[in-house]
Amino acid sequence: MEQKEKTFESTWIMLVCISVAYIAGGVLLLLFPQVSLPALCQAMGILLIIVGIVLIFAYFLRKRYLTPGHFEFAGGAACILLGVFALMRTGEVAFAFSQILALLVLGDSLVKLQYSTDLLRLQEKKWWAVLVAAGISIVLAMTALANPFGKDQDRLTFTYVVLIADGVLNIAVVLFLRYAHRVYENQILKNSMEDTEEFQPEEYGE
């Protein structure tokens with residue numbers, strides 16, 4: 447149980463960090479629209495390469511190869527390859543920048559959809575709130591992908607706003623999910639204690 451809680455905790459921390467990065471990135475891109483997209487894509491490529499190298503080093507230093515189910519090496523290799531591609535094909539990546547961000551939001555939406563199903567199975571009464579959040583993210587991401595805007599700057603601005611909104615929704619969902627898990631675990635513990643008291647052998651006097 448303790449190992450499971452640590453896994454949940456690390457996953458939730460990672461999701462919150464990603465969401466904060468979405469919000470910060472979206473705000474910065476809105477505040478500084480004059481930033482060159484090719485330069486931004488080059489910076490993103492360098493960042494991906496650095497993250498990939500860190501993940502691969504972490505894989506070996508923490509001896510993850512001794513424990514199945516960890517994918518730091520594969521994730522690190524993927525980040526390095528994507529970073530190299532972003533540096534080699536900066537123009538193409540810059541052209542598809544808003545679509546890439548929209549796809550990231552769409553991926554998060556599917557994760558939130560999975561979370562709503564998890565909450566339903568945990569018998570959480572307000573599971574539908576996460577489903578609504580997932581639906582909002584899906585609609586926003588699909589709108590950004592469909593590109594109904596006449597100007598490129600309008601499309602980029604809308605995508606940045608979607609990125610911020612998705613980050614906020616992600617944090618809210620993670621906090622709600624943590625609360626639901628704690629309530630569920632406390633209920634299991636309570637039921638277990640009640641069962642123990644119920645089946646406790648009676649003491650007979652001599």
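Heads up, the sequence shown is in the numbering used here, so the first residue is 447 and it goes up one at a time.
Ideal Cβ placement from N, Cα and C applies to all residues, glycine included.
Since the model is a prediction, treat every value here as computed from it, not as a measurement.
Rounded to a whole number of angstroms, what is the C-alpha to C-alpha distance between residue i and residue j?
i       : j       : result
Asn-593 : Val-539 : 17 angstroms
Arg-628 : Phe-478 : 41 angstroms
Leu-501 : Phe-519 : 6 angstroms
Asp-598 : Met-460 : 32 angstroms
Leu-476 : Thr-603 : 7 angstroms
Tyr-650 : Lys-636 : Unreliable placement is indicated for Tyr-650, whose pLDDT of 43 sits below 50; no coordinate value is reported for it.
Leu-591 : Arg-508 : 39 angstroms
Lys-571 : Val-557 : 19 angstroms
Gly-491 : Phe-543 : 12 angstroms
With residue i and residue j assumed to form a contact (beta carbons below 8 angstroms), what rounded beta-carbon distance in angstroms separates them?
i       : j       : result
Ile-526 : Ile-499 : 7 angstroms
Leu-483 : Leu-528 : Incorrect: roughly 17 angstroms between the Cβ atoms, too far for contact.
Gln-569 : Leu-533 : In fact, because the Cβ distance is near 49 angstroms, the residues do not count as touching under 8 angstroms.
Between which two residues does the alpha helix (DSSP H) carrying residue i extend?
i       : result
Phe-531 : 518-534
Leu-556 : 543-567
Pro-484 : 483-507
Gly-581 : 573-592
Any idea what DSSP makes of residue i, helix, strand or coil?
i       : result
Phe-478 : coil
Phe-595 : coil
Gly-651 : Low local confidence applies: a pLDDT of 47 at Gly-651 is under 50, so the model's placement there is unreliable, and no value is given.
Glu-631 : helix
Glu-538 : helix
Tell me whether residue i is buried or exposed, calling it buried when 16 or more other Cβ atoms sit within 10 Å of its Cβ.
i       : result
Val-619 : buried
Ser-555 : buried
Ala-626 : buried
Gly-472 : buried
Ile-610 : buried
Asn-616 : buried
Glu-652 : A caution first: Glu-652 carries a pLDDT of 47, below 50, which makes its placement in the model too unreliable to give a value.
Asp-612 : buried
Thr-563 : exposed
Val-578 : exposed
Looking at the ligand NAD, does it come within less than 7 angstroms of residue i, judged from the CB to the closest heavy atom?
i       : result
Val-614 : With respect to the ligand NAD, the structure shown offers nothing to examine, as it has no ligands at all.
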